[in-house]
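*Asks:*
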Amino acid sequence: MVEAAKVATAPLSKAITAVGSLRSDESITVRPEVAGRVAFIGFEEGQRVPRGATLVRLDPAINQAEVQQAQANLTLARAKYERALELQGKGFISGQARDEAENNLKVAEAAVALANARLAKTEIKAPFTGVIGLRSISVGDYVKEGADIVNLEAIDALKVDFRVPEIYLKEIAVGQTLQVTLDALPGKTYAGRVFAINPLVDAAGRAIVIRAQVKNTDTALRPGMFARVRLFTRTVEDARVLPEQALVPQGEDQYVFRIVDGKAARAKVTVGQRRDGMVEIVDGVAAGDLVVTAGQLKLRDGAPVTVAAGRQGPPIAAGKSATANGGTPDKAETVATPAKAGTGPAGATPRS
Numbered sequence: 048m049v050e051a052a053k054v055a056t057a058p059l060s061k062a063i064t065a066v067g068s069l070r071s072d073e074s075i076t077v078r079p080e081v082a083g084r085v086a087f088i089g090f091e092e093g094q095r096v097p098r099g100a101t102l103v104r105l106d107p108a109i110n111q112a113e114v115q116q117a118q119a120n121l122t123l124a125r126a127k128y129e130r131a132l133e134l135q136g137k138g139f140i141s142g143q144a145r146d147e148a149e150n151n152l153k154v155a156e157a158a159v160a161l162a163n164a165r166l167a168k169t170e171i172k173a174p175f176t177g178v179i180g181l182r183s184i185s186v187g188d189y190v191k192e193g194a195d196i197v198n199l200e201a202i203d204a205l206k207v208d209f210r211v212p213e214i215y216l217k218e219i220a221v222g223q224t225l226q227v228t229l230d231a232l233p234g235k236t237y238a239g240r241v242f243a244i245n246p247l248v249d250a251a252g253r254a255i256v257i258r259a260q261v262k263n264t265d266t267a268l269r270p271g272m273f274a275r276v277r278l279f280t281r282t283v284e285d286a287r288v289l290p291e292q293a294l295v296p297q298g299e300d301q302y303v304f305r306i307v308d309g310k311a312a313r314a315k316v317t318v319g320q321r322r323d324g325m326v327e328i329v330d331g332v333a334a335g336d337l338v339v340t341a342g343q344l345k346l347r348d349g350a351p352v353t354v355a356a357g358r359q360g361p362p363i364a365a366g367k368s369a370t371a372n373g374g375t376p377d378k379a380e381t382v383a384t385p386a387k388a389g390t391g392p393a394g395a396t397p398r399s
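Read left to right, the sequence shown gives residues 48 to 399 (our numbering).
#1: Which whole-angstrom value describes the C-beta separation of ILE63 and TYR215, a residue pair presumed to lie in contact below a C-beta threshold of 8 Å?
#2: At what residues does the beta strand (DSSP E) containing ASN120 begin and finish?
#3: Would you verify that the beta carbon of VAL307 is, or is not, closer than 8 Å to some beta carbon of chain B?
#4: Determine the closest residue to ALA57 out of ALA311, LEU102, LEU289, with distance taken between C-alpha atoms.
#5: Reducing DSSP to helix, strand and coil, say where GLY331 ends up.
#6: Is it buried or exposed, LYS54, if we count other Cβ atoms within 10 angstroms and call 16 or more buried?
#7: Please classify VAL318 as buried or exposed, where buried requires at least 16 neighbouring CB atoms within 10 angstroms.
#8: Per DSSP, ALA56 forms a beta bridge with which residues?
#9: To which residues of the same chain is ILE244 closer than 7 Å at the C-beta, ignoring the five residues directly before and after it?
#10: Hey, out of VAL326, THR353, GLY335, ASP336, whose CA is closest to LEU59's CA?
#11: Distance, Cα to Cα, ALA251 vs THR76?
#12: Quick check: the Cα distance between TYR128 and ALA155, rounded to an integer number of angstroms?
#13: On a Cα-Cα basis, can you pick out the residue from ASN120, LYS168, GLN223 that is closest to ALA148?
#14: Taking the alpha-carbon positions, what's the ARG403 to THR282 distance?
#15: At 3 residues or longer, what runs of the beta strand (DSSP E) sit wholly inside the stretch 238–296?
#16: Report yes or no: do three or more beta-carbon pairs, one from the stretch 258–275 and one from the stretch 294–306, lie closer than 8 Å?
#17: Do you know offhand how far ALA194's Cα is from ASP230's?
#18: Is it true that the stretch 78–86 meets the stretch 164–171, where meeting means three or more beta-carbon pairs spaced less than 8 Å apart?
#19: Leaving out five residues before and five after ASP72 in sequence, what residues of the same chain have Cβ atoms less than 8 Å from its Cβ?
#20: Given a threshold of 16 other Cβ atoms within 10 Å of its Cβ, counted over all protein chains shown, does LYS153 qualify as buried or as exposed?
#21: Any idea if ALA49 is buried or exposed, counting beta-carbon neighbours within 10 angstroms, 16 or more meaning buried?
#22: Mapping DSSP to helix, strand and coil, what is ALA65?
#23: Using DSSP's beta-bridge definition, name the partner residues of THR228.
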């Protein structure tokens, strides 16, 4: 007595599984471009701030005085230039004197622009909408150029960076979809899409770095989180699938026993992807073939076979568990495991 099932055909999405890290969509450390004493802090730590909001204002007294000085010099230079034009028209001064007055006017105008630019830099504004981190300054602190003030993170959408072995180079492409799960948030799945692939293959691990974007509508995701990524590469519409227990391994080969006219017929098969107890059969059996799934260990090629009553199952519906969990049905996957430096090309471990 044996148990048997028919070879089914179903759409089977091929996927590569890897691990990666989440990154902010935009991330900066706020730093002043001019030195000064902190006069105003316009945010609360952890607060969401809009683009253009004033974050920090340095004491502008010295810079305002420089602007006034530059404007006074500009007024004088303009008056001298206008007088030079009048005198040249009457022939009292040379063209060279007029040119010098014009040049002094332009220098004064540039000095005013420079002073205004320095004054504007005493007020630091948010370059994009995001969430403020933890500040390292207080009102009254003297900060130098380039000193760290606070970090600003845009987390409405996050980037996920992950690596896959170079053997998958021909299978990956910009625009492919993926699913992200996190150990810190069990039971939740986030959809994403690949938008960039690094053209440089990492020589140390022989891996390709891929960057995707993931929506973070509930703001539950945070930059730096460990992420498990399932990248969908392509879909085989009529993949043949069987329960894994139907396989009979012999050395490096895999076999199954078909039931033909009541007798066992051993067939060598080529195995593809595995998932949730199911295996893809690339070659060796046809859709609809009746294959032994239990009791085949004692079978011999050509031996008569009796299928136990009620043990001849219908064609297997591939991907049922994935659909029940809200995922994409029929996902076959390969686990991307980049090799360590010096060990050769990165490999992929099939997930059973």
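Note that CB positions come from ideal geometry on N, CA and C, so glycine has one too.
*Replies:* With the given structure in hand:
#1: In the sequence shown, the residue the question calls residue 63 occupies position 16. In the sequence shown, the residue the question calls residue 215 occupies position 168. The Cβ separation is near 6 Å, so the contact holds.
#2: As a position in the sequence shown, residue 120 is number 73, starting the count at 1. Run containing ASN120: none in the beta strand (DSSP E); it sits in the alpha helix (DSSP H), 108–136.
#3: Checking the listed chains, one finds no chain B in this structure; it contains a single protein chain.
#4: Residue 57 sits at position 10 when you count from the first residue of the sequence shown. Selected option, being the one with the closest Cα: LEU289.
#5: Translated into the one-based positions of the sequence shown, residue 331 becomes position 284. In the structure shown, GLY331 sits in coil (DSSP, three-state: anything other than H, G, I, E or B).
#6: Against the sequence shown, residue 54 aligns to sequence position 7. One point to set straight first is that residue 54 is Val, not Lys, in the sequence displayed. VAL54 should be labelled buried.
#7: Translated into positions along the sequence shown, residue 318 becomes position 271. So VAL318 ends up on the buried side.
#8: Position 9 of the sequence shown, counted from the first residue, corresponds to residue 56. Residue 56 is actually Thr in this sequence, not Ala. DSSP, once it has assigned bridges, lists ARG287 as partnering THR56.
#9: Mapped onto the sequence shown, residue 244 falls at position 197. Excluding residues within five positions, the ones whose Cβ falls inside 7 Å are ILE219, VAL221, ILE255, ILE257.
#10: Taking the sequence shown and counting its residues from 1, the one referred to as residue 59 is at position 12. The shortest Cα separation from LEU59 among VAL326, THR353, GLY335, ASP336 belongs to VAL326.
#11: Taking the sequence shown and counting its residues from 1, the one referred to as residue 251 is at position 204. Taking the sequence shown and counting its residues from 1, the one referred to as residue 76 is at position 29. Rounded to whole angstroms, the separation of the alpha carbons of THR76 and ALA251 is 30 Å.
#12: Locating residue 128 in the sequence shown gives position 81, counting from the first residue. Locating residue 155 in the sequence shown gives position 108, counting from the first residue. Distance between the alpha carbons of TYR128 and ALA155: 11 Å.
#13: Residue 148 sits at position 101 when you count from the first residue of the sequence shown. The option with the nearest alpha carbon to ALA148 is ASN120.
#14: Any answer about residue 403 is impossible in this case: the structure gives the chain only from 48 up to 399.
#15: 254–262, 273–290
#16: no
#17: Here residue 194 refers to the residue found at position 147 of the sequence shown. Here residue 230 refers to the residue found at position 183 of the sequence shown. Looking at the two C-alpha atoms, the distance is approximately 36 Å.
#18: yes
#19: As a first step, residue 72 must be located in the sequence shown, where it is residue number 25. Only residues of its own chain outside the window of five on either side were considered, and among them ALA201, ILE202, ASP203, ALA204, LEU205, LYS206, GLN260 have a CB closer than 8 Å to the CB of ASP72, listed in chain order.
#20: Along the sequence shown, read from residue 1 onward, the residue named residue 153 stands at position 106. LYS153 should be labelled exposed.
#21: Translated into positions along the sequence shown, residue 49 becomes position 2. According to the sequence displayed, residue 49 carries Val and not Ala. Buried is the call here.
#22: Residue numbering aside, residue 65 sits at position 18 when the sequence shown is read from its first letter. Here ALA65 sits in strand by DSSP.
#23: For this step, residue 228 is matched to residue 181 along the sequence shown. The partner list for THR228 (beta bridge, DSSP) reads ARG275.
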